[in-house]
Structure formats: structure tokens, C-alpha cells
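As C-alpha cells, the structure follows; a few thoughts come after it.
Numbering (my numbering), first residue to last: 4 to 438.
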């Protein structure tokens with residue numbers, strides 16, 4: 004598909020503009036705060052182990068449970084967004100993740116802290132899909148890829164805030180003051196959300212949808228899944244996101260410190276490089292896809308290939324340690340995994356009408372988190388079985404990448420054919436719309 008064909012304005016396309024940016028910005032602010040809360044544990048792991056007197060396995064349960072809740076909530080949240088609208092779902096999400104962050108600050112025991120992180124994960128799960136739908140309601144279709152990448156960019160900025168600010172607060176103010184104080188950010192975005200956010204611009208109300216209980220749920224999921232673009236989007240998200248997620252969320256720091264014998268400060272700088280690379284690449288990918296729709300699959304497959312190549316080069320490098328230039332290159336390439344995962348939504352978006360966008364996005368978003376969850380567990384099991392041999396443990400990455408690439412190649416041509424059919428239909432409809 005050519006660049007020009009991807010920019011055809013559909014009948015009833017939202018106008019965008021400054022008001023759209025302001026409304027959408029409120030949703031992005033909610034997502035920004037959610038990511039700060041989500042990633043705040045990453046800089047507080049050692050403090051959490053001391054506070055709750057738990058070992059490494061129990062500590063990792065915080066991250067694994069949060070991912071489980073997040074992944075498990077994606078389709079239900081997508082259905083909620085389609086049924087209730089963005090504002091109601093975002094409001095519920097803010098309330099839940101703010102209570103979860105405050106509860107984590109005040110938890111007297113490991114069990115209550117675990118419950119608080121689960122509550123936080125539930126609220127966090129409601130944010131990104133809602134922000135994607137908000138962007139689709141307020142901006143023209145041709146702006147979709149860039150809008151989604153910019154939203155993800157602000158999410159990574161939230162990750163940086165955790166790394167730079169929360170860590171300093173933790174050591175300066177202590178556990179309770181840091182987490183309780185940060186929860187105030189949730190109250191701020193809740194007020195903005197309630198007072199100013201609107202689901203859609205005037206004159207662009209979605210068509211009425213008949214919500215008939217379980218029949219509506221089955222119909223939404225089945226219709227979304229039937230579209231090859233939804234399935235392709237899920238497998239793109241599945242295959243691209245998890246290498247960086249696994250590295251950032253749990254196993255990157257142990258690998259760099261224990262296997263590569265780096266200091267914690269150097270390892271932390273490399274993890275920050277992954278985040279910084281993510282932010283830069285996200286802007287580039289968003290611009291490229293907005294102008295050249297046909298670049299979606301090559302960018303996704305190229306990122307998968309590059310990350311697999313650098314991962315393999317790192318873990319098979321002769322000797323005990325990989326050189327610093329290779330580790331820097333690996334972390335830079337891993338930074339492209341997040342933006343590449345956003346391409347999955349760019350396949351699902353044109354495949355589904357507005358009233359199914361939430362459900363389809365939930366299916367796509369679930370892919371990467373299922374892959375991340377699977378790899379987190381696989382690496383842990385293999386490390387235990389091989390006496391902490393990271394070279395063997397990290398081979399699990401290639402298994403999931405092979406599965407994902409096979410599915411991407413299988414669905415790619417089918418999705419392209421469906422998009423061409425829709426493009427022709429939209430052009431015919433545009434011709435017959437009265438001036």
C-alpha cells in the first residue's frame with residue numbers, strides 16, 4: 004500500500020486540532036502516571052526485600068503477579084471501553100491504581116503489599132487501551148500511528164521518572180513518604196479527567212451498539228478475532244515487545260551484574276539506555292508509518308531480526324564477558340522493541356470499526372504481555388535448572404520469536420488483502436458522500 008493510500012480521509016473522520024490534543028493529553032497524563040506507579044517497584048526491589056523480609060523468588064512475584072493481572076485484564080478492559088466509553092474506564096483505572104500505590108506505601112506485610120500491586124496492575128491495565136481509543140476518536144485515521152507512538156513515548160518518560168526521581172525520593176524520604184507522596188499524582192490526573200475529558204468531539208458520536216450481556220461479549224470478541232489484522236497485530240505485539248520487557252522488568256540487571264560482572268551503576272546506565280532508545284525510535288517509527296503504511300511489517304520483522312541477532316551475539320560471545328560496545332548495541336536495539344510492538348495496533352486499527360476498537364486493542368495488547376510472562380518464567384526455571392547459566396536460559400527468547408515470526412508471515416498477505424478491500428470500499432463511500 005502506498006503512502007498516499009494510507010492517508011485517505013474517511014467519511015466522518017475526526018478533525019484533530021488543538022482541542023483534540025488537549026483532551027487526548029489528559030488521557031496521556033493518566034497513562035504517564037500509571038507507568039510511574041507500574042515501574043516504581045523496579046527501583047525499590049532491594050528496599051522491598053528488606054521491608055517485607057522476603058527472598059528473591061518472593062520478590063519476583065510482585066512483577067509476575069502484576070503482569071498476570073495486566074495481561075488477564077486486556078480483553079475485559081477492551082470490552083469495557085467499547086461498552087462504557089473511555090472516560091468511565093479511565094476513571095475507574097485511576098482510582099484503582101492510586102489506591103494500589105497508596106496501599107503499597109502503607110502495607111504492613113508481604114501479603115497486603117502483593118494485593119496492593121495486584122490492584123495497581125488492574126488499574127494500570129485500563130489505561131493504555133483507553134488512551135488508544137481516545138486518540139482514535141479525536142484524531143484522523145492517518146494520524147493513528149503517530150498518536151499511538153507518542154502515547155507510548157510518554158509511557159517511557161514515566162519509566163524514566165521512576166528511575167531518576169522515585170529512586171532519589173526513596174533514599175531521601177523513605178518508603179512510606181515516597182510511595183504515599185507519589186500517589187498524589189493519581190489524584191491530580193483524576194481531577195483533570197473528571198472535569199475536562201470527553202469521549203469524542205461533538206458531531207462524531209459513535210453509532211449505537213446493542214449491549215446484550217454475554218451475547219455482546221461473544222460477538223465483540225468473535226468479530227475482532229475473525230479479522231486477520233487483529234490476529235496479525237497480536238502476533239506482532241507478541242514477538243516484538245517481550246525481549247525488552249524481560250530485560251527491563253527483571254532479568255537485565257542480574258544478567259549484567261552476575262553474568263557480565265558490571266557494577267550496579269553501569270548496569271543501571273545500560274537499562275536507562277534501553278528506555279532512552281525506546282523514546283527516540285518511537286518518534287521515528289511513528290513518523291515513518293504515518294507516511295508509509297507499507298513499512299509496518301518490514302519495521303516489525305527488521306526489529307525482531309536485529310534483536311535476535313544482537314541477543315545471540317551477546318550470549319554466545321567467546322569468553323565469560325561480552326565487550327561493552329556489544330552490550331551498548333544490544334541495549335540500543337532492545338529500545339526499538341517497544342515502538343515495534345506498537346505496530347501491532349496499526350494492523351488491528353484499520354481492521355475493526357470504531358465500536359470494536361477497544362476489544363481489538365485488548366487482544367493485541369495481551370500478546371506481548373503473555374510472551375513476557377512466559378519468558379520471565381522460562382528464564383527463571385532454566386536458571387534454576389542450569390545453576391544460573393544465562394546463556395542457556397536466554398535461548399528461550401529465540402523459541403518465542405520463532406513462533407511469532409511464523410504467525411506473522413502466515414497472516415501478513417491475508418491482512419494486506421483485507422486492507423485493500425476496505426480501502427476500495429472507503430473510496431467508493433467517499434465519492435458518494437454529498438458535498
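Every residue gets a Cβ at the ideal spot worked out from N, C-alpha and C, and that includes glycine.
Check your understanding: Cβ atoms of residue 306 and residue 202: under 7 Å apart, would you say?
Key -> When the beta-carbon positions are compared, residue 202 and residue 306 stay at least 7 Å from each other.
Practice item. Could you pull out every residue in the same chain whose Cβ sits closer than 6 Å to the Cβ of residue 99, ignoring the five residues on either side in sequence? Key: 122, 125 and 126
Point to revise | alpha helix (DSSP H) segments (min. 4 residues) lying fully within the region 276-345 | key: 299-318 and 327-337
Point to revise | Contacts around residue 360, its chain only, beta-carbon distance under 6 Å, and the 5 residues preceding and following it disregarded | key: 136 and 139
Practice item. Ignore the nearest five residues each way along the sequence and tell me which others in residue 250's own chain have a CB closer than 7 Å to its CB. Key: Counting only Cβ-Cβ distances below 7 Å, and skipping sequence neighbours, we find 277 and 337.
Review point. Looking at the structure shown, is residue 94 part of a helix, part of a strand, or coil, going by DSSP?
Key: Residue 94 sits in a helix when the DSSP states are folded into three classes.
**Study point:** residue 419 versus residue 302 - alpha carbon distance
**Key:** 15 Å
Check your understanding: Secondary structure at residue 240, three-state DSSP: helix, strand or coil?
Key -> helix
**Study point:** For residue 72 and residue 92, the rounded distance between their alpha carbons
**Key:** 16 Å
**Study point:** residue 128 - DSSP class collapsed to helix/strand/coil
**Key:** DSSP places residue 128 in coil when its eight states are reduced to three.
Practice item. Just list the alpha helix (DSSP H) runs in the region 155-206, keeping only unbroken ones of 4 residues or longer that don't cross its boundaries, in chain order. Key: Qualifying alpha helix (DSSP H) stretches, in chain order: 170-176, 178-185 and 187-199.
Practice item. Drop a sphere of 10 angstroms on the beta-carbon of residue 353, count the other beta-carbons inside from all chains shown, and report buried for 16 or more, exposed for fewer. Key: Counting Cβ neighbours within 10 Å, residue 353 comes out buried, since at least 16 surround it.
Review point. Residue 53 by DSSP, collapsed to three states: which one?
Key: helix
Check your understanding: Hey, is the region 175-182 in contact with the region 26-38, meaning 3+ C-beta pairs nearer than 8 Å?
Key -> no
Exercise for review: Please indicate yes or no: does the CB of residue 182 lie closer than 6 Å to some heavy atom of the ligand ADP?
Suggested key: What this structure holds is no ligand at all, so the ligand ADP is not there to describe.
Review point. How would you write the range of the alpha helix (DSSP H) that residue 27 sits in, first residue to last?
Key: Element bounds for residue 27: 21-42.
Practice item. Identify the continuous alpha helix (DSSP H) that holds residue 386 and give its terminal residues. Key: 360-388
Review point. Do the region 249-269 and the region 384-401 touch if we need at least three Cβ pairs shorter than 8 Å?
Key: yes
Review point. Taking Cβ to Cβ, would you say residue 78 is nearer than 7 Å to residue 233?
Key: no
Check your understanding: Relative to the alpha-carbon of residue 50, which residue among 108, 97 and 237 has its alpha-carbon at the smallest distance?
Key -> 108
Review point. According to DSSP, is residue 263 helix, strand or coil?
Key: coil
Review point. Considering only residues of the same chain and omitting the five flanking positions on each side of residue 74, which have a CB-CB separation below 7 Å?
Key: 369, 372, 373 and 376
Check your understanding: DSSP three-state call for residue 218: helix, strand or coil?
Key -> In this structure, residue 218 counts as helix in the three-state DSSP scheme.
**Study point:** Close Cβ partners of residue 318 (< 6 Å) along its chain, the five nearest in sequence each way excluded
**Key:** 394 and 397
Point to revise | residue 86 (DSSP reduced to helix, strand or coil) | key: helix
Point to revise | Which listed residue (289, 258 and 226) has its alpha carbon closest to that of residue 274 | key: 258
Exercise for review: Mind the definition here: the region 150-159 touches the region 56-70 only if three or more C-beta pairs lie below 8 Å; say whether that holds.
Suggested key: Segment contact: the region 150-159 against the region 56-70, fewer than three CB-CB distances shorter than 8 Å; contact not assigned.
Review point. Rounded to the nearest angstrom, how far is the Cβ of residue 32 from that of residue 192, given a contact under 8 Å?
Key: The Cβ separation is near 5 Å, so the contact holds.
Check your understanding: Quick one: is residue 266 buried, meaning 16 or more other Cβ sit within 10 Å of its Cβ, or exposed?
Key -> exposed
Review point. Quick one: Cα of residue 286 to Cα of residue 344, how far?
Key: 13 Å
Review point. Given that a residue counts as buried once 16 or more other Cβ atoms are within 10 Å of its Cβ, and exposed if not, what is residue 427?
Key: exposed
Review point. Under three-state DSSP, which class holds residue 439?
Key: Missing from the structure shown is residue 439; the chain here goes from 4 to 438 and no further.
Check your understanding: Terminal residues of the continuous alpha helix (DSSP H) containing residue 396?
Key -> Note, residue 396: alpha helix (DSSP H), 393-396.
Point to revise | Cut-off 6 Å between Cβ atoms - residues of its own chain near residue 161, not counting five sequence neighbours on either side | key: For residue 161, where only same-chain residues beyond five positions count, the Cβ hits under 6 Å are 35, 38 and 39.
Check your understanding: Mapping DSSP to helix, strand and coil, what is residue 18?
Key -> In this structure, DSSP gives residue 18 a state outside helix and strand, which the three-state scheme calls coil.
Review point. Can the beta-carbon of residue 242 be found closer than 7 Å to that of residue 407?
Key: yes
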